[in-house]
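Going by our numbering, the sequence shown opens with residue 28, and the numbers climb by one from there.
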Amino acid sequence: MPLSQPEYEVIVMEDVMIPVRGRVRLATDIYRPALNGEFLPEPLPVILERTPYNKRTQDRVERNCRYFARRGYIFAIQDCRGCFASEGDMDFFWQEGPDGYATVGWLALQAWCNGKIGTTGTSYAGWTQNAIAALAPPNLACMWVNEAASNGFTSTLRHGGALELRFLAWLYWHAALNTNTTLKKNPEVAAVLESADIQEILRHLPIEKGGTPLALAPSYEQRALDILTKSDFTELWKDPSVNFELHWDRFADVPTVFSSAWYDSYTRANLENYVGLSQRNKGPYRLLMGPWTHGDSFMGYSFAGDIDLGPEAAIDYNTERLRWFDRWLKGLGSGVDNDSPVSIFVMGGGNGRRN
């Protein structure tokens, strides 16, 4: 059976404010299929992406939102708490499970949703998916998790307790990037956050409370201090939004792809999630590993650095995701049932084969 075709127009419901805990509302753009300027009348499956990186980024809109909406899916893309158009204070990864759970529940209640919700996203937006799955909302139907965490203490934020410095840098970088009006209360605050010299700050560790520009963004500063100073395996690191491995036994048992790259920082975490969950649940689960670097835009490339690894190194990410969602959200015979559960690009062999 052919895959869903781009046969629909797209109408966007902008900044739908979805209520979550703490009387906070999260700004969500909802891309809906249409014909002749009217929404399709029947309830449809929804694909959800939750991102801290601005839901209106043009590349993300075209490659994700409009791509799937044209093919008969409703695509909901949400600014995470405290990010861009959403309300509340950004609390890094610790906020994502409850907020994602509430979002899935809200979507499932809408008349235009048929009750089946899939998720997608890369990096932080992969992390938000795992955080949802750890709480197992009843309407979560399937996931495609690309390059995301397993255990924040042993193989992501920290590695066996040692801090991965880029996450500290990320907090400074994101505070500068984020245009949220609660964060950027006035031009002076924005100017200080946006002009912070991250490399210079990291040359003078440890940081102290109030000692860097993050003092103007208290929720960011607190999480920076947490990940920098809390090196013991305390309750902080057991939270289901941060430590998925600890909560695999209660994960949503839904069809899931875990994809990552040999040159990605989430390589170990991706393998851990696949092994841990496929041993516990029915899934089905699929593992996909390629010779890429971090980010889904590189999955269509056949080269890494200066080396062209041949045509088998590249995949069509959207087509593969469409096959997955067509099978598990629409019930179409997309061929994924015949796919190998493990597909890896074998490095060092010279022939670019996949096993």
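Glycine is no exception: its CB is placed at the ideal position from the N, C-alpha and C atoms.
Report the partner residues of residue i according to the DSSP bridge assignment.
| i | result |
| --- | --- |
| L71 | C140 |
| Q105 | T55, R77 |
| F66 | A61 |
| P29 | In DSSP, P29 forms no bridge with anything. |
| N270 | N178 |
| P46 | R52 |
| V37 | P60 |
Please report the distance separating the alpha-carbon of residue i from that of residue j.
| i | j | result |
| --- | --- | --- |
| F325 | R277 | 33 Å |
| A296 | L62 | 42 Å |
| C169 | A103 | 15 Å |
| K143 | P72 | 5 Å |
| R50 | L75 | 21 Å |
| G360 | L349 | 12 Å |
| G127 | H201 | 20 Å |
| G136 | R77 | Note that residue 136 is Leu in the sequence shown here, rather than Gly. Straight-line Cα distance between these residues: approximately 18 Å. |
| S222 | M40 | 34 Å |
| N270 | I334 | 35 Å |
| N178 | V37 | 38 Å |
| Q85 | Y58 | 14 Å |
| L198 | P68 | 43 Å |
| E174 | M316 | 10 Å |
| S182 | W264 | 12 Å |
| A331 | G153 | 22 Å |
| N141 | G124 | 23 Å |
| G362 | D253 | 45 Å |
Could you spell out the range, first to last residue, of the beta strand (DSSP E) harbouring residue i?
| i | result |
| --- | --- |
| F285 | 283–290 |
| Y312 | 312–320 |
Evaluate residue i with the Cβ neighbour count: other Cβ atoms within 10 Å of its Cβ, from every protein chain shown; 16 or more gives buried, anything less gives exposed.
| i | result |
| --- | --- |
| G145 | buried |
| G187 | exposed |
| A189 | exposed |
| A138 | exposed |
| G358 | exposed |
| M117 | buried |
| A251 | buried |
| P245 | exposed |
| N365 | exposed |
| R230 | exposed |
| R354 | buried |
| S286 | buried |
| G115 | buried |
| A96 | buried |
| E54 | Reading off the sequence shown, one finds Ala at residue 54, where the question assumed Glu. The residue in question, A54, is buried, as its Cβ has 16 or more Cβ neighbours within 10 Å. |
| S268 | buried |
Note the first and the last residue of the continuous alpha helix (DSSP H) segment covering residue i.
| i | result |
| --- | --- |
| V302 | 294–305 |
| T256 | 245–256 |
| P125 | 123–135 |
At a Cβ threshold of 8 Å, is residue i touching chain C?
| i | result |
| --- | --- |
| Y128 | Checking the listed chains, one finds no chain C in this structure; it contains a single protein chain. |
Consider the C-beta atom of residue i and the heavy atoms of the ligand COA; say whether any pair is separated by less than 7 Å.
| i | result |
| --- | --- |
| I104 | With respect to small molecules bound, the structure shown includes none, and the ligand COA cannot be examined in it. |
Entirely within the segment 145–233 and at least 4 residues each: give me those alpha helix (DSSP H) ranges in chain order.
151–160, 192–204, 214–221, 225–229
Any alpha helix (DSSP H) of 4 or more consecutive residues that is wholly inside the segment 330–368
344–356
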